[in-house]
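Step one of this worksheet: look at the structure below.
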Amino acid sequence: MNIALIGYGKMGKAIEELALRKGHSVVLKIDDQNLADLTKENLKKANVAIEFTIPESAVTNILQCFDAGVPVVCGTTGWLQQKKFVEEKCMQVKGTFLTTTNFSIGVNIFFELNKKLAILMASYKDYTVQIEETHHTQKKDAPSGTAISLAEQIIENSVQKKTWALRQPHDSNTSDKPDELSITSKRIDPAAGTHSVIYTSQVDDIEIIHTAHNRHGFAAGALLAAEFIHDKKGIFTMKDVLGI
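Be aware that the sequence shown starts at 118, since it is given in our numbering, and climbs by one per residue.
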C-alpha cells in the first residue's frame, strides 16, 4: 500500500517504521511544519491515510481525505462529539472511514471483557464500579477516549449507571451520585497507557487492567486497520478488523 501519514509525531513514526518493515510505502508525511502539503493532489498518491493529530484538526483532515477519495483511519481522540457528522459525510460521498478510541489489539479484547463483566455485575447491587486511567503528560484529552469507551459499555449494560464524570486524582474515587460512574485520570511520564475497571464491595474487589508497554501495539493495530479498509467502501470498526 501507499500510505499518507497525517500526523508525524511519535505515533506516526512508529506506524512508519512498522509499515516499511511490512513492505508498504509512505508517500506523504504531514506535521505542523508542512501543513500546506496536505492537498488533494498529494493525498491522491496514497491508497489509505492514517490520521493521528490533535482534536482541533482531526475533522478537517478526515474531510480532506474524503474529498480526495482516500480511505482514512483516524486515531485522534477528543473530537468524537462530531463523529455522527463525519460518518454522515462519509456516507454522502461513498467514502471509507474507520475510527476507534484505541487501536491496540489487546485493548479491543479488553473492551469485550469489560462488556461481559458489566453484564455479569449488573445484578449485584453491593458493588460500586469506577474507572482509572493513566497516560503520559503529552496526552491532550482527559479522560482518555479508551476510558470513555469503557464507561459507555458499562452504562449500556448497567441498570444504575446513567452517565460518567471525570474526577481528579486527589478527589474521592467514587461519586456521591449513585447513577454516576467516576473516571479518574492521571498524567504521569512515561506511561504509555493503563486502564483499570474496578468493582468494589465491602467483602472484595474485582478488577480488570490493561497496561500498554509502548506505542507499538497502537501502531500495529492502526496499520492492520489501514490494510483492512484500503480497498473497501463504508464505515468500519476494529470489531470488523479483528472479527470479534
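Cβ coordinates follow ideal geometry from the N, Cα and C atoms, glycine included.
Where the alpha helix (DSSP H) through residue i begins and ends
{"i": "His333", "result": "His333 to Ile346"}
{"i": "Ala329", "result": "Here Ala329 belongs to no alpha helix (DSSP H), and DSSP marks it neither H nor E."}
{"i": "Ala239", "result": "No alpha helix (DSSP H) contains Ala239, which DSSP labels as neither H nor E."}
{"i": "Gly262", "result": "Gly262 to Glu273"}
{"i": "Ala358", "result": "Note that residue 358 is Val in the sequence shown here, rather than Ala. Met355 to Leu359 is the span of the alpha helix (DSSP H), which, as asked, contains Val358."}
Cβ separation of residue i and residue j, assumed to be a contact under 8 Å, to the nearest whole Å
{"i": "Ala308", "j": "His253", "result": "5 Å"}
{"i": "Thr194", "j": "Gly262", "result": "3 Å"}
{"i": "Glu204", "j": "Ile352", "result": "6 Å"}
{"i": "Ile325", "j": "Asn178", "result": "Between Asn178 and Ile325 the Cβ distance is about 34 Å, and since that is not below 8 Å, they are no contact."}
{"i": "Asn119", "j": "Lys162", "result": "6 Å"}
{"i": "Ile272", "j": "Leu237", "result": "With 8 Å as the limit, Ile272 and Leu237 do not qualify as a contact, their Cβ atoms being about 16 Å apart."}
{"i": "Asp258", "j": "Pro172", "result": "6 Å"}
{"i": "Lys242", "j": "Arg304", "result": "Not quite, the Cβ-Cβ distance comes to about 33 Å (not below 8 Å), so this is no contact."}
{"i": "Ile300", "j": "Glu344", "result": "Incorrect: roughly 32 Å between the Cβ atoms, too far for contact."}
Outcome for residue i when other beta-carbon atoms lying within 10 angstroms are tallied against a minimum of 16
{"i": "His282", "result": "Note that residue 282 is Ala in the sequence shown here, rather than His. Under this definition Ala282 is an exposed residue."}
{"i": "Ala166", "result": "buried"}
{"i": "Arg138", "result": "exposed"}
{"i": "Val358", "result": "buried"}
{"i": "Lys278", "result": "buried"}
{"i": "Phe228", "result": "buried"}
{"i": "Gln285", "result": "exposed"}
{"i": "Pro260", "result": "buried"}
{"i": "Leu152", "result": "exposed"}
{"i": "Ile226", "result": "exposed"}
{"i": "Ile346", "result": "buried"}
{"i": "Asn364", "result": "With the chain covering only 118 through 361, there is no way to say anything about residue 364."}
{"i": "Ser318", "result": "exposed"}
{"i": "Val246", "result": "buried"}
{"i": "Ile361", "result": "exposed"}
Beta-carbon proximity list for residue i, same chain, < 8 Å, skipping 5 on both sides
{"i": "Leu135", "result": "His333, Ala336, Ala337 and Leu340"}
{"i": "Ala329", "result": "Ser221, Gly223, Val224, Ala309, Gly310, Thr311 and Phe335"}
{"i": "Glu168", "result": "Ile123, Gly124, Ala175, Asn178, Ile179, Cys182, Val189, Val190, Cys191, Gly192 and Thr193"}
{"i": "Asp296", "result": "Gln277, Lys278, Lys279 and Thr280"}
Own chain, CB closer than 7 Å to residue i, minus 5 neighbours either side, in chain order
{"i": "Lys350", "result": "Lys211 and Thr213"}
{"i": "Cys94", "result": "The shown model of the chain, from 118 to 361, leaves out residue 94, and the question about it has no answer."}
{"i": "Ser275", "result": "Ala235 and Ala239"}
{"i": "Arg354", "result": "The question names Arg, but residue 354 is Thr in the sequence shown. Once the five neighbours on either side are set aside, the close Cβ partners of Thr354 are Leu215 and Thr217."}
{"i": "Ile323", "result": "Tyr316"}
{"i": "Thr170", "result": "Ile123, Gly124, Asn178 and Thr193"}
{"i": "Gln270", "result": "Phe228, Asn231, Lys232 and Ala235"}
Extent of the continuous beta strand (DSSP E) to which residue i belongs
{"i": "Gln247", "result": "Thr245 to His252"}
{"i": "Val314", "result": "Thr311 to Thr317"}
{"i": "Lys279", "result": "No beta strand (DSSP E) contains Lys279, which DSSP labels as neither H nor E."}
{"i": "Lys303", "result": "Glu297 to Arg304"}
{"i": "Thr213", "result": "Thr213 to Thr216"}
{"i": "Ala121", "result": "Asn119 to Ile123"}
Sequence-distant residues of its chain with Cβ nearer than 6 Å to residue i (five each side left out)
{"i": "Val187", "result": "Leu160, Ala163 and Ala166"}
{"i": "Ser142", "result": "Asn119"}
| message | Please give me, in chain order, every unbroken run of the alpha helix (DSSP H) with length at least 4 that falls completely inside the stretch 137 to 205. | response | 157 to 160 and 172 to 185
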